[in-house]
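Using UniProt numbering, read the sequence shown as starting at 1 and increasing by one per residue.
Every residue gets a Cβ at the ideal spot worked out from N, C-alpha and C, and that includes glycine.
If you're wondering where the values come from, they're calculated on a predicted model, not measured in any experiment.
See structure below.
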Amino acid sequence: MASRVDSIQGLSRQDSIITLQINELETEYNGQSSSNSTFESNDSPTNRLDQMSHLKKLTQALYARGFLDGMFSDITVEALGHKFKLHRIVLVSNSYFAGMLSNNFWIEQSQSSISIQFDDPNITVEALTVVFSRIYGQTKMSITAENAKSLLAAGIFFDDLDICQQSMQFIISTLDESNIIEYLIFCDDFSYGTYSDSVLNTIVTQLCHRGYTEFSQLMEKLPLHWLARIVGSDCFMCPDEFSRYEFLRDVLCRRSANDTEWSKVQLRSDTACSNHTLVESNALTDLDANVPKGFSDDDSDDILCDASMDSSKSTTKDKGEACNEHNRDHLYVFANAIRFCHLSFTELKAIKKERHVQNTVLERAIWNQLELEDKIVGSSAEDLEIGSVTLADKEPIPHDDTDRIDGQFLVNVIKGPMFPYKNSTSPPFRFGIKFSNLQHLATGSKLVSKRAYYAGSYWQVYLQQISKNGLPKLGIYLQRISPNSEGWVQDESKDESESSIKPIASAVQSGRYEDKRIQVRTWFQLYCFFPNKCYTLESKPDIFKTNQSWGWRSHKLYRDAMDSGQKASFECAVVLCHV
Numbered sequence: 001m002a003s004r005v006d007s008i009q010g011l012s013r014q015d016s017i018i019t020l021q022i023n024e025l026e027t028e029y030n031g032q033s034s035s036n037s038t039f040e041s042n043d044s045p046t047n048r049l050d051q052m053s054h055l056k057k058l059t060q061a062l063y064a065r066g067f068l069d070g071m072f073s074d075i076t077v078e079a080l081g082h083k084f085k086l087h088r089i090v091l092v093s094n095s096y097f098a099g100m101l102s103n104n105f106w107i108e109q110s111q112s113s114i115s116i117q118f119d120d121p122n123i124t125v126e127a128l129t130v131v132f133s134r135i136y137g138q139t140k141m142s143i144t145a146e147n148a149k150s151l152l153a154a155g156i157f158f159d160d161l162d163i164c165q166q167s168m169q170f171i172i173s174t175l176d177e178s179n180i181i182e183y184l185i186f187c188d189d190f191s192y193g194t195y196s197d198s199v200l201n202t203i204v205t206q207l208c209h210r211g212y213t214e215f216s217q218l219m220e221k222l223p224l225h226w227l228a229r230i231v232g233s234d235c236f237m238c239p240d241e242f243s244r245y246e247f248l249r250d251v252l253c254r255r256s257a258n259d260t261e262w263s264k265v266q267l268r269s270d271t272a273c274s275n276h277t278l279v280e281s282n283a284l285t286d287l288d289a290n291v292p293k294g295f296s297d298d299d300s301d302d303i304l305c306d307a308s309m310d311s312s313k314s315t316t317k318d319k320g321e322a323c324n325e326h327n328r329d330h331l332y333v334f335a336n337a338i339r340f341c342h343l344s345f346t347e348l349k350a351i352k353k354e355r356h357v358q359n360t361v362l363e364r365a366i367w368n369q370l371e372l373e374d375k376i377v378g379s380s381a382e383d384l385e386i387g388s389v390t391l392a393d394k395e396p397i398p399h400d401d402t403d404r405i406d407g408q409f410l411v412n413v414i415k416g417p418m419f420p421y422k423n424s425t426s427p428p429f430r431f432g433i434k435f436s437n438l439q440h441l442a443t444g445s446k447l448v449s450k451r452a453y454y455a456g457s458y459w460q461v462y463l464q465q466i467s468k469n470g471l472p473k474l475g476i477y478l479q480r481i482s483p484n485s486e487g488w489v490q491d492e493s494k495d496e497s498e499s500s501i502k503p504i505a506s507a508v509q510s511g512r513y514e515d516k517r518i519q520v521r522t523w524f525q526l527y528c529f530f531p532n533k534c535y536t537l538e539s540k541p542d543i544f545k546t547n548q549s550w551g552w553r554s555h556k557l558y559r560d561a562m563d564s565g566q567k568a569s570f571e572c573a574v575v576l577c578h579v
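Here it is in structure tokens:
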């Protein structure tokens with residue numbers, strides 16, 4: 001006898017669903033598995049198709065006569081100015097209406113007409129029609145750029161998870177430069193659980209990964225609080241801290257060049273960033289006696305966003321105040337999004353000449369540099385820690401090692417405190433690396449990144465392919481290098497076999513001090529970007545001896561690296577900090 005799996009082969013998705021629904025009805029009716037019921041004697045493919053055809057006719061009649069024509073309606077649902085003539089026995093198949101019509105505690109249970117009010121402005125009559133049609137068996141629907149948001153909102157309200165899932169997938173699959181800000185604001189203003197979080201995470205991952213290299217013009221159109229969060233975050237992919245400053249400077253200057261940017265100021269509630277304001281009320285007391293107006297403290301949900309005041313109605317005084325507010329916003333973003341203490345004195349002098357950053361910020365950066373140098377130079381060779389973490393209870397330091405390489409929502413990082421290290425005298429050091437042509441990486445060979453100087457030591461990341469039990473794995477490691485070692489730094493975008501290496505200056509030549517400690521205790525994070533995803537790898541404070549490395553190796557890393565195309569590439573934002 002043909003199995004039930006065989007009987008539905010070749011059917012459309014909707015017909016297959018109907019067949020499975022028949023199975024469920026049989027099981028429920030007989031109280032046992034339908035494969036053991038007497039109905040099995042007639043369980044031939046022909047009979048199966050006959051039953052499916054009958055059920056299909058039934059649902060078509062229910063939709064056409066019951067929903068479209070309203071025939072034999074016993075309840076009217078009023079919503080958004082429209083009346084839908086529906087049927088209780090059909091509506092109870094939906095969990096929202098089942099709770100309303102089957103519960104004696106609901107006043108609507110005995111009424112012949114009910115009214116539904118929506119606080120969500122995204123729900124439209126079209127979306128309602130789609131939801132009600134699905135309740136009546138019409139599962140076909142067309143998701144477009146015009147109705148995707150309203151379908152998601154209606155799906156959440158009426159607990160139609162299939163609509164939610166399909167709407168979310170449509171939005172993610174159609175994200176591009178033309179709509180990414182629109183969907184960012186949509187997910188920022190309205191929370192639809194994991195569905196809006198997934199869309200927002202995809203947007204944030206793209207902006208963190210490609211914002212510096214590809215989305216420069218797009219970044220300047222972001223709401224200011226989102227620009228500050230993304231560019232100031234550890235997971236923003238850029239070569240180094242000075243490049244981060246130059247990028248932020250150029251974006252903010254282009255924003256300022258827009259005549260309407262500074263003349264529009266508004267306070268609004270922000271669900272995604274609640275309790276984390278752009279500027280706290282006393283944030284600039286050590287930088288400027290004039291604390292920005294319009295900024296709230298941490299206990300308020302109001303934050304300053306780009307503006308909406310009608311410039312045609314604003315007075316000269318209004319514009320002057322808006323301009324001052326605008327300038328204070330930019331000063332605050334510069335002061336906290338960039339970690340100036342990790343820039344060279346030459347870079348700090350160049351920044352001072354540009355006058356985008358307050359002198360007190362740069363002076364404090366130099367002081368923090370000297371303090372860190374004094375701690376390291378003054379340490380003995382056996383000292384393991386330097387006490388650079390002064391606010392351990394507030395700073396997000398990893399307390400465990402990543403033991404499973406999997407996708408982590410970057411939006412959870414972005415939606416945390418906007419500048420978590422703004423009060424730290426020794427914030428984490430960060431730099432970005434890129435590896436290209438990974439398909440040429442042979443088993444056992446290494447691909448080495450550029451080296452970065454931090455706190456008396458050089459640091460680099462390298463990739464290594466290994467094979468274990470015939471399964472290829474890709475390893476990624478952070479390594480501490482002695483400053484005085486005569487080494488070579490390899491171009492980060494080239495393969496080890498290519499002649500792309502160049503000499504690196506020693507600590508004495510560059511004027512930098514050397515950490516002579518035998519070993520240091522350091523925590524670090526690696527934000528590993530592939531074309532369509534990001535992995536977050538983090539290590540709690542661990543011991544690094546000279547030339548020692550720590551890291552991870554996984555087949556998943558290998559697979560995602562090699563799946564990225566003919567010219568397989570890999571980018572990584574590196575964060576590390578001594579304790």
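Q. Helix or strand or just coil, what does DSSP make of W226?
A. helix
**Q.** Three-way DSSP call (helix, strand, coil) for Q465 in this model
**A.** strand
Q) Expressed to the nearest angstrom, what Euclidean distance is found between the alpha-carbon atoms of H578 and R210? A) 29 Å
Q. According to DSSP, is E538 helix, strand or coil?
A. strand
Q: Kindly indicate which three-state DSSP category S113 falls into: helix, strand or coil?
A: strand
Q) Between which two residues does the alpha helix (DSSP H) containing Y454 stretch? A) Where Y454 is concerned, there is no enclosing alpha helix (DSSP H), although the beta strand (DSSP E) it sits in stretches over 452-454.
Q: Check M562 in the structure and name its three-state DSSP category.
A: helix
Q: Would you mind reading off the limits of the alpha helix (DSSP H) that contains T76?
A: Note, T76: premise wrong, no alpha helix (DSSP H); beta strand (DSSP E) at 75-79.
Q) What span of residues does the beta strand (DSSP E) with Y477 cover, start to end? A) 471-481
Q) If you follow the beta strand (DSSP E) that G432 is part of, which residue opens it and which one closes it? A) 429-435
Q) What is the DSSP secondary structure of S457, reduced to helix, strand or coil? A) strand
**Q.** Burial state of F345 (16 or more Cβ within 10 Å)
**A.** exposed
Q. When the Cα of K568 is compared with those of L474, F544, R517, which residue comes out closest?
A. Per the sequence shown, residue 568 should be read as Ala rather than Lys. Nearest C-alpha to A568: L474.
Q.
Does the region 446-454 come into contact with the region 523-537, if we say contact requires no fewer than three beta-carbon pairs (one atom in each stretch) closer than 8 Å?
A. no
Q. To which residues of the same chain is R229 closer than 6 Å at the C-beta, ignoring the five residues directly before and after it?
A. I414, M418
Q: State the Cα-Cα distance for the pair I366 and N547, rounded to the nearest angstrom.
A: 29 Å
**Q.** Span separating the alpha-carbon of residue 601 from that of P428
**A.** Any property of residue 601 remains undetermined from this structure, which presents the chain solely from 1 to 579.
Q) Quick check: the region 182-189 against the region 199-213, are there 3 or more CB pairs under 8 Å? A) yes
**Q.** Residues near A337 in its chain [Cβ-Cβ closer than 8 Å; skip 5 each side]
**A.** A228, V231, G232, R244, L248, F419
Q: Report yes or no: do three or more beta-carbon pairs, one from the region 70-78 and one from the region 108-118, lie closer than 8 Å?
A: yes
(Q) Using only the alpha-carbon positions, how far apart do S493 and L576 sit? (A) Residue confidence is low: S493 scores 38 on pLDDT, short of 50, so the model does not pin down where it sits. No coordinate-derived value is stated.
Q | Straight-line Cα distance separating F118 from G66 | A | 25 Å
Q. Under a three-way DSSP split, which group does H82 fall into?
A. strand
Q | beta strand (DSSP E) runs wholly inside the region 346-433, at least 3 long, in chain order | A | none
Q) With a Cβ-Cβ cutoff of 8 Å, do C341 and Q358 count as a contact? A) no
Q: Assuming A573 contacts M237 (C-beta within less than 8 Å), just tell me the rounded distance between them.
A: 5 Å
Q) So K446 is in the beta strand (DSSP E); what residue range does that whole segment cover? A) 446-448
Q) What is the C-beta distance between R430 and S457, in whole angstroms, given that I count them as a contact (C-beta under 8 Å)? A) Not confirmed; about 15 Å, so no contact.
Q. What whole-angstrom Cβ distance do S178 and I143 have, given they're in contact under 8 Å?
A. At roughly 17 Å, the Cβ-Cβ gap does not stay under 8 Å, so S178 and I143 are not in contact.
Q) For H330, does the count of other Cβ atoms within 10 angstroms reach 16, so buried, or fall short, so exposed? A) buried
Q | Through-space distance from L49 to L128, alpha-carbon basis | A | 32 Å
**Q.** For Y527, the residue or residues it bridges with in DSSP
**A.** T536, A573
Q.
Among the candidates K349, P531, E347, whose CA atom is the shortest distance from the CA of C208?
A. P531
Q. Got a sec? Which residues, its chain only, sit under 6 Å from D120 by beta carbon, not counting five neighbours each side?
A. A153
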